[in-house]
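If you count by the numbering used here, then the sequence shown holds residues 5 to 225, one letter each, in order. These notes are about the structure you will find just below.
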Amino acid sequence: MSGTPTGSQRGGDLTPGVLAPLDALAGEGPLHFTARALHQRLTEVFPPARFDHQWIDGRLSKQQWARLTRKPPTVALGFGGITPDPRAGAIFHGTAHFMVALVAYNPAGPRERLMGDKVAPGMLAMIRAAILMLNGFEVRAPDTTWASTGAVEITTIAPVYDEAWVDEALSVTALEVGVQYDEALPPGLDTKNYLDAVSNTWTFAGSADGFTELSYQGQIT
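Structure representation (structure tokens):
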């Protein structure tokens, strides 16, 4: 990437919360929806045709590191936990934390890895692109029992490395982001006889898109 993103890649030209492909999946809940929204946002500025997109499940083992760095330049999204607000009361309020890992590879040297050249994008340009696309972005899903109450906040940007794993030609930077959200109890779970009113239905291998689904069924008895 060089300069400022243009067209559909320019942060200001993307209406906050307008993520039509995700609307149908809003029932999965705030964590699924936020992860999909962040991933889609990243593909706007890091096109999959030129960047390898990966997922991190919260751990960065040697095996996951090998997968993450096998085909740079790479953009990876991982889950970093939730910080609950103890004052939330009946409605859960928390901040969901996610990590965005940016991977660049250039054997030409440190300057080229940072600044970029004709061979590969520079880490500084990748960092800027991620900041422009994520910071202040609002994750919103209409007609749900939960709601995003704040925009994406970037809390940390720092290099990531391990002396035992890192190839000298690799440059890896992690951005930690937070998204606040509220989630109320689904209908029926706020009653005394909720066990009779609601049944949990989990779908695993049968899911059309390969993702786990959780649905609430039943009515007050």
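Using N, Cα and C, we set each Cβ at its ideal position, and we do this for glycine too. Quick caveat, the model's predicted, so the values are computed rather than measured.
Check                                                                                                                             : Outcome
Buried or exposed by the 16-neighbour rule on C-beta atoms within 10 Å, applied to Pro-114                                        : exposed
6 Å CB neighbourhood of Ser-175 in its chain, flanking five on each side removed                                                  : Ala-108, Arg-117, Met-127
CB contact flag (Leu-64, Val-181, <9 Å)                                                                                           : no
Thr-160 in three-state terms, based on DSSP                                                                                       : strand
Contacts around Pro-76, its chain only, beta-carbon distance under 8 Å, and the 5 residues preceding and following it disregarded : Asp-56, Val-107, Ala-108, Tyr-109, Ala-124, Leu-174
Outcome for Ala-134 when other beta-carbon atoms lying within 10 angstroms are tallied against a minimum of 16                    : buried
Leu-106 - partner residues in DSSP beta bridges                                                                                   : Val-79, Thr-177
Exposure label - Ala-105; buried when at least 16 CB within 10 Å                                                                  : buried
Validate contact between the stretch 34-48 and the stretch 130-144 using beta carbons, cut 8 Å, 3 pairs                           : yes
Host beta strand (DSSP E) of Ile-60 (start-end)                                                                                   : 56-60
Among Arg-54, Phe-50, Val-164, Gly-120, the one whose alpha carbon lies nearest that of Leu-136                                   : Phe-50
Leu-138 vs Thr-160 beta-carbon contact at 9 Å                                                                                     : no
Under 9 Å between C-beta atoms of His-101 and Phe-83                                                                              : yes
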